[in-house]
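Novice: I have a structure I would like to understand better, so I am pasting it below and will then ask my questions one at a time.
There are 2 protein chains.
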Amino acid sequence: MPVDAVFAALADPTRRRMVETLAGGSTVTASGLAAELPITRQAVAKHLAALRRARLVNTKRVGRETRYSLDAEPLGDAARWIATVGAEWDERLADLGRLLDRQSA
Amino acid sequence: MPVDAVFAALADPTRRRMVETLAGGSTVTASGLAAELPITRQAVAKHLAALRRARLVNTKRVGRETRYSLDAEPLGDAARWIATVGAEWDERLADLGRLLDRQSA
DNA sequence: CTAAAGTGCAACCGGACGGTTGCTCTTTGA
DNA sequence: TCAAAGAGCAACCGTCCGGTTGCACTTTAG
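Taken in order, these protein sequences are the chains called R and E.
No gaps in the numbering here: position 17 of the first sequence is 17 in my numbering, and each next residue is one more.
No gaps in the numbering here: position 63 of the second sequence is 1063 in my numbering, and each next residue is one more.
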């Protein structure tokens, strides 16, 4: 299941911060990203690999640097799962509400 | 950050399946859940503990059994994060964000 | 009263994870 | 041309995770 990798990727705060940075539409390199974070460039590269595993990020080699950009489509899959489960929950609440209305009348 | 625990909880397929089961509104015990899964009762208990850490599940002790029920509210937090970062990318995610804002108001 | 059911706690195991250091390779710019 | 920049690969370390077994405790049912 690809949604596994998406939720796993989003579970790490460093990775979420990276996604937030990329959300503006900017492309970034591992070294550039590491300059703004308290971790090593290699650690950043590992996080970016996890995001790439979740298809949340695209890579493009330009000369000696690798530029990463966001692909938000897998986010839709995760959101869809949440919305589905939540819909059943809301349906249950709707049922409970109708029951209470009937009993109070 | 509580959203850490939510995404981490949803990253495991067994845990997502449990949430789907609970989404119907039913309450369940660790033993009852283990009967339908290919894992031990103790493993189920650990998964339920992870869901409880994410506030996705409520516990209620009744006699000798512990009954678990779903609390979908933290799902809204996760969905809201996704909708925020993905709003510029996907109009559907923007719609989800507006929906969540309306429901929380 | 006693045995079974349901739970909780603790220890253990293999593997994945976050992070580091060290090295090599390619590309670029002065 | 040659050193610096950017990246990739590999090994290592401590910790967490999913899962198991074993045991003790409480509650229920016959």
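Heads up, the beta-carbon is just placed ideally off N, CA and C, and yes, glycines get one too.
Could you tell me which whole beta strand (DSSP E) segments of length 3 or greater appear in the stretch 1022-1075 of chain E?
Specialist: Fully enclosed beta strand (DSSP E) runs of 3 or longer: 1057-1062, 1065-1070.
Novice: For the stretch 8-19 of chain R, which residues have a beta carbon sitting closer than 9 Å to at least one beta carbon of chain E?
Specialist: Result list: A8, A9, L10, A11, D12, P13, R16, V19.
Novice: Tell me, please, whether the stretch 33-49 of chain R touches the stretch 1050-1065 of chain E by the rule of three or more beta-carbon pairs shorter than 8 Å.
Specialist: No, because fewer than three Cβ pairs between the stretch 33-49 of chain R and the stretch 1050-1065 of chain E fall closer than 8 Å, the two stretches do not touch.
Novice: Please report how far the alpha carbon of E/D1095 lies from the alpha carbon of E/T1084, in whole angstroms.
Specialist: If you number the second sequence from 1, residue 1095 of chain E lands on position 95. If you number the second sequence from 1, residue 1084 of chain E lands on position 84. Computed Cα separation, rounded: 10 Å.
Novice: Below 8 Å, can you find three or more Cβ-Cβ pairs linking the stretch 7-16 of chain R to the stretch 1010-1028 of chain E?
Specialist: The stretch 7-16 of chain R is in contact with the stretch 1010-1028 of chain E.
Novice: Just to make sure I have the definition right: I need the residues of chain R whose C-beta is within less than 7 Å of the C-beta of E/A1030. Which are they?
Specialist: Here the question's residue 1030 of chain E lines up with position 30 in the second sequence. Near E/A1030 there are no residues of chain R at all, since even the closest Cβ is about 20 Å away, more than 7 Å.
Novice: Would you check if there are 3 or more beta carbon pairs closer than 8 Å linking the stretch 1068-1075 of chain E to the stretch 1023-1037 of chain E?
Specialist: Segments in contact, yes.
Novice: For E/V1006, which of E/E1088, E/W1089, E/L1033, E/R1055 has the nearest alpha-carbon?
Specialist: As a position in the second sequence, residue 1006 of chain E is number 6, starting the count at 1. Taking only the C-alpha atoms, the option nearest E/V1006 is E/R1055.
Novice: So, with DSSP's three-state summary, where would you put R/E20?
Specialist: Translated into the one-based positions of the first sequence, residue 20 of chain R becomes position 20. Three-state DSSP puts R/E20 in a helix.
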